[in-house]
Amino acid sequence: MSFASLGLSDPIVRAVTERGYTIPTPIQRQAIPAVLAGGDLLAGAQTGTGKTAGFALPILHRLSTSKPITGGRAPIRALILTPTRELAAQIEESVREYGKYLKLNSMVMFGGVGIQPQIQQLRNRVDILVATPGRLLDHAGQRTVDLSRIEVLVLDEADRMLDMGFIHDIKKVLALLPRQRQNLLFSATSSDEIRTLADSLLNRPALIEVARRNAPAEAVTHQVHLVDRERKRELLAHLIRANRWQQVLVFTRTKHGANRLSEQLTRGGIAALAIHGNKSQSARTHALAEFKNGALPVLVATDIAARGLDIVDLPHVVNFELPNVPEDYVHRIGRTGRAGATGVAVSLVCVDEHKLLADIEKVIKRSLPREVEPGFEPDPRIKAEPIPNGRNRSPMPMGRPAQGRSAAPARAEPGRSSHPRTQTPSWRGATHPRPSADRGNLRRPA
Ligand code: AMP
Numbered sequence: 003m004s005f006a007s008l009g010l011s012d013p014i015v016r017a018v019t020e021r022g023y024t025i026p027t028p029i030q031r032q033a034i035p036a037v038l039a040g041g042d043l044l045a046g047a048q049t050g051t052g053k054t055a056g057f058a059l060p061i062l063h064r065l066s067t068s069k070p071i072t073g074g075r076a077p078i079r080a081l082i083l084t085p086t087r088e089l090a091a092q093i094e095e096s097v098r099e100y101g102k103y104l105k106l107n108s109m110v111m112f113g114g115v116g117i118q119p120q121i122q123q124l125r126n127r128v129d130i131l132v133a134t135p136g137r138l139l140d141h142a143g144q145r146t147v148d149l150s151r152i153e154v155l156v157l158d159e160a161d162r163m164l165d166m167g168f169i170h171d172i173k174k175v176l177a178l179l180p181r182q183r184q185n186l187l188f189s190a191t192s193s194d195e196i197r198t199l200a201d202s203l204l205n206r207p208a209l210i211e212v213a214r215r216n217a218p219a220e221a222v223t224h225q226v227h228l229v230d231r232e233r234k235r236e237l238l239a240h241l242i243r244a245n246r247w248q249q250v251l252v253f254t255r256t257k258h259g260a261n262r263l264s265e266q267l268t269r270g271g272i273a274a275l276a277i278h279g280n281k282s283q284s285a286r287t288h289a290l291a292e293f294k295n296g297a298l299p300v301l302v303a304t305d306i307a308a309r310g311l312d313i314v315d316l317p318h319v320v321n322f323e324l325p326n327v328p329e330d331y332v333h334r335i336g337r338t339g340r341a342g343a344t345g346v347a348v349s350l351v352c353v354d355e356h357k358l359l360a361d362i363e364k365v366i367k368r369s370l371p372r373e374v375e376p377g378f379e380p381d382p383r384i385k386a387e388p389i390p391n392g393r394n395r396s397p398m399p400m401g402r403p404a405q406g407r408s409a410a411p412a413r414a415e416p417g418r419s420s421h422p423r424t425q426t427p428s429w430r431g432a433t434h435p436r437p438s439a440d441r442g443n444l445r446r447p448a
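The opening position of the sequence shown corresponds to residue 3 in this note's numbering, with each subsequent residue numbered one higher.
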């Protein structure tokens, strides 16, 4: 199976070949023909499956082989909505690269940076717009963007967008689009809210569901180090030095914790930067670039800041604190051990977190062996303390946190969205699928 055999044009095949892709991933094998066929799509796929090319390539093909539906000034024809700034930037970069041999222009738009350069860019031709909802609505309010001739809409990481309270913004954006259009909805997980959104948005969609490229359990070694709350940083520094780790993504529960840890590590001689919603866009971009190119050994991130980032195939992921939501453990460790590489997921667990650990073991359906690093034996006299926002303390209701436009995507943080998510999406009953003849070779949901 090649990209050409999926029906993509030569310039697109050439671009992906140069990018090093030879074989389409399972989501690409299914999504590309479905999107080329012009119908709506509901896809259950996580970051790491190759989903970006799964929608970007057929969109590029369709736009480059057809003229805008109506004449006049060249309109924006495809809109890709994403929950976070980083994801928007990554997707637009991919779109640009996949479309480098086509005469199509793309643009990325997100908040936290000046609006004027974006207004300037919108005066030029833009065929494909990748945006976070808040800034897009700012532009719509100022009438600096015209969405009336959108032919294809993509909602990427729709579950994250809902988690982050974007449903109202999404609805406002939908109201600005023409009725006649193709809709593609991607979500890693399924929930009642996703099903409701899919039902209202999609017209007899093709249904696709794929697993991660590698199930985490296959390629990842899980380590649990029992340690005292106050000695975690010391243990982390010890593990980094003793094992000569070169590239470690460390997760903390809070923005404040991420800042403090990165500063402490740096003071102790291990260069680290934090990435979270309170950092300026340029600081985040800088930290991510340094980490990706190997110049920065430690990146400390909160869950939401790291979500959707294309930092994959990492050798080491450390849970400095266990996540409040057990499913986030799977998201976190999904960053290591991809594509056949082996990775290590290390969790530093103190006495407060035993309940969280048990919850995680339930979700991943295996028990994790506990280890104690010599010299870091936990003090049995230390008593457990409640974890702010932990499930063992105050479970959040299933409803959305009250957030309006003020909740810029990158500013949302984990404690605000602890609604339980299922790891394996099930789209059954999500919407009204097309009759099987229309779905071609698409796999029906189990
Ligand atoms: P995504 O799930 O879209 O974020 O993609 C995850 C990673 O897989 C990115 O680094 C892509 O560049 C890479 N990728 C996507 N499609 C392919 C492919 N067909 N072959 C190899 N790598 C791919």
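Each residue gets a CB set at the ideal place from its N, CA and C atoms; glycine is no exception.
Everything numeric in this text was worked out from a predicted model, so none of it was measured.
Judged by the Cβ position, Tyr331 fails to qualify as a neighbour of the ligand AMP at the 8 Å threshold, every heavy atom of the ligand being at least this far. Within the DSSP bridge table, the entry for Ala45 names Phe188 and Ile210 as partners. When secondary structure is reduced to three states using DSSP, Gln225 falls in the strand class.
A distance criterion of 8 Å places the beta-carbon of Pro35 beyond contact range of the ligand AMP, judged by its closest non-hydrogen atom. Asn205 sits close to Asp42, with the two beta carbons spaced by under 9 Å. Runs of the alpha helix (DSSP H) spanning 4 or more residues and lying entirely within the stretch 107-133 occur at 118-125, in chain order.
With 16 or more other CB atoms across the displayed protein chains lying within 10 angstroms of its CB, Val346 is buried. Pro382 has its alpha-carbon roughly 43 Å from the corresponding atom of Glu159. With a cut-off of 8 Å, the C-beta of Gln32 is classified as distant from the ligand AMP, since no heavy atom of the ligand falls inside that distance.
For Tyr103, the distance from the CB to the nearest heavy atom of the ligand AMP is not below 8 Å. DSSP places Phe168 outside both helix and strand once states are collapsed to three, so it counts as coil.
Taken atom to atom, the span from the alpha-carbon of Val229 to that of Thr86 is near 34 Å. Taking the C-beta atoms as reference points, Glu387 is found no nearer than 9 Å to Leu350.
Ala47 has its Cβ nearer than 8 Å to a heavy atom of the ligand AMP. Here Val250 is near Val320, since their CB atoms are less than 9 Å apart.
Counting the other Cβ atoms within 10 Å of the Cβ of Arg162 gives 16 or more, which makes it buried. The alpha-carbon separation between Ile210 and Glu99 amounts to approximately 25 Å. Within the DSSP secondary-structure output, Ile82 pairs in a beta bridge with Val132 and Val156. According to DSSP, Glu373 shares a beta bridge with His227. Your pair Ile78 and Asp140 does not check out as a contact, with CB atoms roughly 16 Å apart and the cut at 8 Å. Using a C-beta cut-off of 8 Å, the stretch 358-371 makes no contact with the stretch 230-249, since fewer than three inter-stretch Cβ pairs fall below that distance. Between the alpha carbons of Gln122 and Ile71 lies a gap of roughly 25 Å. Collapsing the DSSP output to three states places Gly345 in a strand. Not one heavy atom of the ligand AMP lies closer than 8 Å to the C-beta of Lys385.
Non-local beta-carbon contacts of Val97 in its own chain, meaning distances under 6 Å to residues more than five positions away in sequence, involve Ala58, Ser108 and Ile130 in chain order. Excluding residues up to 5 positions away in sequence, Ala273, Ala274, Leu275, Ala289 and Glu292 lie with their Cβ nearer than 8 Å to the Cβ of Leu298 in the same chain. DSSP lists Val252 and Ala276 as the beta-bridge partner residues of Val302.
When the five nearest sequence neighbours on each side are left out, the beta carbons in the same chain lying within less than 6 Å of the beta carbon of Gly56 are those of Ile29, Gln30 and Ala33, in order along the chain.
Assignment of beta-bridge partners to His318 by DSSP yields Val250 and Val346. With a cutoff of 8 Å, Ala291 does not count as near the ligand AMP, since its C-beta is closer than that to no heavy atom of the ligand.
Taking the Cβ of Gly50 as the reference point, at least one heavy atom of the ligand AMP falls within a distance shorter than 8 Å. Closest in alpha carbon position to Pro207, among Val222, Ser192 and Leu186, is Leu186. The C-alpha of Arg337 is placed about 38 Å away from the C-alpha of Gln182.
Setting aside the 5 residues that flank it on each side, Val156 is surrounded in the same chain by Phe57, Ile82 and Leu186, each with a C-beta closer than 6 Å to its C-beta; the list follows chain order. Proximity of the beta carbon of Gly22 to the ligand AMP is indicated: a heavy atom of the ligand is located closer than 8 Å.
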